[in-house]
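Reading through the structure tokens given below for one structure.
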Amino acid sequence: MSQVQDPPGRWRRRTVPSRTEAPLVALVGPPNSGKTTLFNRLTGLRQKVANYPGVTVEKHLGRARLPGGEAVDVLDLPGVNGFSARSLDERVTRDALEGRIPGLRSPDALVLIVDSTRLETQLMLIEPVLSYDLPTLLVLNMADELDARRGDVRDDVLAKELGVTVVRTDARTGRGVDAVRAFLVEQSQRRASAAQRAEGEYVAPPRIQLPVIGTFTDRRNRIRAVNQRASYTAPGPSFRSERLDSILLHRVGGPLVFLAVILLVFQSIFTWATPMMDGVEALVAGSGEWLAVRLPDTWWRALLIEGVWGGVGSVVVFLPQILVLFLFLGILEDSGYLARAAVIADRLMMRVGLQGRAFLPLLSGYACAVPAILAARTVENERDRLATIFVTPFMTCSARLPVYALLIAAFIPDRPLLGPVLGLRAATLLGLYAIGLIAAIGTAFLLKRTLLRGTPTPFLMELPPYRIPGLRSIGLRLLDRSRIFLRRAGRIILAVAIVLWILTQVPRTAGGPPHIDDSALGRIGQVIEPAIAPLGFDWRIGVGLVSSLAAREVIVGTLGTIYGVEDASEGSFELQDRLRRDLDLGSAIGLLVFFAFALQCMSTVAVVRRETGGWKWPALQFSYMLGLAWVGAFVANWLI
Amino acid sequence: MRTILNKRLLLTNHPDPSLCRLADCPMRETVELVHIELPDDQAECLLERGVVPGCSMCATRRSPAGDPIVLIDGMVLAMRREMAGCLLVRRRLADAI
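Chains as they are written, first to last, in my numbering: chain F, 35 to 674; chain Y, 83 to 179.
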């Protein structure tokens, strides 16, 4: 175990350059068989792992860490059930195996990873994989679970029957991973010895010639025969999963638990995160004051305190809330509950015209739309995929959370609504998530009846056994999230804060900074103002909205900077107090609604362009969402 | 499409008491898949997972919306009842799971 543990501190994803001397080994397998966990074990990279089929949506490349220091590159591919290339995922996997992806060489060896508790069905992939005629290692993963549920198989017979090396692993605990490493080392040595010999002299190791892929039924019968000869005993049913399913998929209990889980998540975003946020806030404010006292009174002190501390600091405060959200999402994914939630939600999705598979992208949209749009690749039907991509940005991503949290804390009183279960603030947040979801559903409904009409496709969802989420996996994910969030704060928000601060300082009047209304920023804001005045926003919010086109949470930093400059003389640094002076309840709700609908995220626009292969869809999506946001904010402002 | 019609005819012309649709099968009864009444492109997602005629399956429970959750060789598969209605199965009352 100890030698398998990944050393800390090496977590940046590396793209390994195509160096001809390092062999490339591709990991293939059905969804949710543990490829990514094994990949992380082998390379020490930290990929997102979840107990939900179809999480790896792009190929990932990493250099394996081997005991002898041999150089072997490992490619993690999306999980597939076959190579028929019906979904984009299957196409990516097939193209990667055939070396048809530009910039990626074709693999020198394959590792097929299957879940040993479902060996009968998972081995359906062995024949297509063997047909590539590359050195292949068969990894029987989740061997611990097979043992625990009293299943068994004779690895040696399996190896002989299939003509491949067979190893058992438990990628989660790291058991058996050394055997996989040994296979990688072997590939590196094979490459070396082949290089020593003359060109063309190299002969591939003998392998058993399997029949060409026939029908699925033939394939299945052969697999069954092989398994019988290898005396495969299927594991008994997982009683834990059975028992949990009887509650979580119960006719009445299931949806109730589903609702309760969602309520718990939203309530805890406020209750659990508040003490941590207060801590971070005190830290930011304290360090700002500490610096202000010690630094000489120059222009760069003003930039540092008003621009950087005011701008970046006001965003960093929201880190705890984002971490709480991701903690819950992580637990739900890793435990296997998410697949059940997809089943519960499927009927609704069907009525909308989307298939249940769209549930994963839509749900990941709660974290961030960019990976969610990539996850839409698992959606097989092209029209369904486009519809899914189109509506995904309506799902409330974590970048909206700082904006929501700020405005809710400033305008919504902290009153209990349903006793201690649900407060008014959590209910407002829940409402914002709900209008995002409703907009997504309504838009999908419209699209599927107009631009993207098509027949419904079948929905099949494998339900993985329930597993206790690993602390390591969730902890790493939270760490990753913090890093991404802080990096954004450190780059985009810092840059925007500095530019905005400079704009507040010019043109200089009588040797000093102008009044903010006369500054360059103020004038820009006043140009925008007519467009947003009907929504009840003043020019400061307008500047915030424009700056938030880069990324939504930037508006918090922008307002922090603007108010920081304005209030430098007054010494007040409370963003919430200032907001209450500039906005009334109606326009605050309007602003919340605006953020719920508008597509203010350049990364999303870029990824939609890439995934749809043109500007048509992102342009349509951007203007549709902006229009909806403006109308929604106008209505909210007018109603309240 | 032609296969669907043919098999429907087959089912009505030769009534076999042991044949039924998975959607109509009692819960927790192990049955054998006889035929998939779906066009090839829709059947493929079942076939490549190893759900082929001849394999045994057992609907273990229903989802809250009433869709069956089926156990097939250790794999737990949730499908819509429309699909379960297209799976022709043979009941083997003597077998237990």
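Each residue gets a CB set at the ideal place from its N, CA and C atoms; glycine is no exception. Remember, it's a predicted structure, so these values are computed and weren't measured experimentally.
Using a C-beta cutoff of 8 angstroms, does I247 (chain F) count as contacting chain Y?
Reliability fails at I247 (chain F), whose pLDDT of 44 lies under 50, so the model's placement of it is uncertain and the value that follows must be treated cautiously. No, no contact with chain Y.
What does A166 (chain Y) reach in chain F if we use C-beta pairs closer than 7 angstroms?
The premise fails here: A166 (chain Y) is roughly 11 angstroms from chain F at the closest Cβ pair, so nothing lies under 7 angstroms.
DSSP three-state call for R644 (chain F): helix, strand or coil?
In this structure, R644 (chain F) counts as helix in the three-state DSSP scheme.
Answer with buried or exposed for L372 (chain F), where buried requires no fewer than 16 other C-beta atoms within 10 angstroms of its C-beta.
Per the 10 Å Cβ criterion, buried.
Pairs of beta-carbons, one from the region 406-418 of chain F and one from the region 380-398 of chain F, closer than 8 angstroms: are there three or more?
These segments touch.
Could you tell me whether the region 652-668 of chain F touches the region 412-432 of chain F, using the rule of 3 or more Cβ pairs below 8 angstroms?
With the cut-off at 8 angstroms, the region 652-668 of chain F and the region 412-432 of chain F touch.
A409 (chain F) CB to nearest chain Y CB: under 8 angstroms?
So, not an interface residue.
Do you know whose CA, among F:G197, F:D181 and F:D279, lies nearest V158 (chain Y)'s CA?
When each option's Cα is compared against that of V158 (chain Y), the closest is F:D279.
Using a C-beta cutoff of 8 angstroms, does S145 (chain Y) count as contacting chain F?
At least one chain F Cβ lies under 8 angstroms of S145 (chain Y).
Alpha carbon to alpha carbon, how far is R636 (chain F) from R110 (chain Y)?
Sequence check: residue 636 (chain F) is Met here, not Arg. One C-alpha to the other measures close to 51 angstroms.
How big is the Cα-Cα spacing for V152 (chain Y) and F250 (chain F)?
When rounded, the distance between both Cα atoms is 20 angstroms.
Name the chain F residues whose beta carbon is nearer than 7 angstroms to that of D155 (chain Y)?
The answer, in chain order, is R152, E154, T155 and A268.
Using C-beta distances below 7 angstroms, list every residue in its chain close to I589 (chain F), excluding the 5 sequence neighbours before and after it, in chain order.
V437, G578, L579, S581 and S582.
Is the shortest distance between the beta-carbon of F428 (chain F) and the beta-carbons of chain C less than 8 angstroms?
Absent from the structure is chain C; the protein chains it does hold are F and Y.
I want to know whether the region 354-367 of chain F touches the region 559-576 of chain F - three or more CB-CB distances under 8 angstroms.
The region 354-367 of chain F is not in contact with the region 559-576 of chain F.
Taking L180 (chain F) as the reference, which of F:I472, F:T203, F:L164 and F:A193 has the closest Cα?
The residue with the shortest Cα to Cα distance from L180 (chain F) is F:T203.
Under 8 angstroms by Cβ, that's how I've got L146 (chain F) and I160 (chain F) pegged, so tell me the actual separation to the nearest angstrom.
Confirmed, about 6 angstroms.
Within the same chain, show all residues whose beta-carbon is closer than 6 angstroms to that of D186 (chain F), passing over the 5 residues directly before and after it, in chain order.
Around D186 (chain F): T267.
What number of angstroms, rounded off, separates the C-alpha of T430 (chain F) from the C-alpha of A439 (chain F)?
Distance between the alpha carbons of T430 (chain F) and A439 (chain F) is about 13 angstroms.
Let me check one thing: in DSSP terms, what residues is E496 (chain F) bridge-paired to?
Its beta-bridge partners are Y:L159.
When the Cα of V642 (chain F) is compared with those of F:V665, F:A406 and F:L174, which residue comes out closest?
Comparing Cα positions, the closest option is F:A406.
Among residues of its own chain, excluding the 5 on either side of P289 (chain F), which ones have a beta-carbon nearer than 7 angstroms to its beta-carbon?
Excluding positions up to five away in sequence, the list reads I378.
Among F:L458, F:K650, F:P101 and F:F73, which has the Cα closest to the Cα of E220 (chain F)?
Ranking the options by Cα distance to E220 (chain F), first place goes to F:P101.
Near R144 (chain Y), which residues of its chain fall below 8 angstroms by C-beta distance, leaving aside the five closest residues on each side in sequence?
Closer than 8 angstroms at Cβ, skipping near neighbours: M109, P150 and I151.
Kindly indicate if chain Y contains any beta-carbon less than 8 angstroms away from that of L244 (chain F).
Note that L244 (chain F) has pLDDT 46, beneath the 50 cutoff, so the model's placement of it is unreliable and the number below is only indicative. Answer no: the Cβ-Cβ gap between L244 (chain F) and chain Y never drops below 8 angstroms.
Is the region 549-558 of chain F in contact with the region 533-541 of chain F, if contact means three or more CB pairs nearer than 8 angstroms?
Taking 8 angstroms as the limit for Cβ pairs, the verdict is that the region 533-541 of chain F does touch the region 549-558 of chain F.
Looking at the unbroken alpha helix (DSSP H) that takes in C127 (chain Y), where does it start and where does it end?
Segment D122 to L129, the alpha helix (DSSP H) holding C127 (chain Y).
With a floor of 4 residues, list each alpha helix (DSSP H) that falls wholly inside the region 178-220 of chain F, ordered by position along the chain.
Fully enclosed alpha helix (DSSP H) runs of 4 or longer: 189-196.
Between the region 266-300 of chain F and chain Y, which residues of the former have a C-beta closer than 8 angstroms to a C-beta of the latter?
Under the 8 angstroms Cβ criterion, the region 266-300 of chain F contributes A268, P269, P271, S275, E276, D279, S280, L283, H284, R285, V286, G288 and P289.
So V377 (chain F) contacts chain Y; which residues on that side make the cut at Cβ distance below 9 angstroms?
S145, P146, A147, D149, I151 and A160, listed in chain order.
Check whether the region 331-350 of chain F and the region 523-539 of chain F are in contact - that is, three or more C-beta pairs closer than 8 angstroms.
Yes, they touch.
Taking the DSSP output, what are the residues bridged to T543 (chain F)?
Beta-bridge pairing links T543 (chain F) to F:G546.
Using a Cβ-Cβ cutoff of 9 angstroms, what residues of the region 495-517 of chain F are near chain Y? List them in chain order.
Those would be M495, E496, L497, P498 and P499, in chain order.
Beta-carbon within less than 8 angstroms of G133 (chain F)'s beta-carbon, same chain only, minus the 5 sequence neighbours each way: which residues are those?
So the list reads R139, S140 and P141, once near-sequence residues are dropped.
Measuring alpha carbon to alpha carbon, tell me which of Y:D123, Y:V133, Y:R163 and Y:L120 ends up nearest R254 (chain F).
R254 (chain F) has its Cα closest to that of Y:V133, out of Y:D123, Y:V133, Y:R163 and Y:L120.
Against R381 (chain F), what residues of chain Y qualify as contacts under a CB-to-CB distance less than 9 angstroms, listed in chain order?
The contacting residues are S145, P146, A147, G148, D149 and R162.
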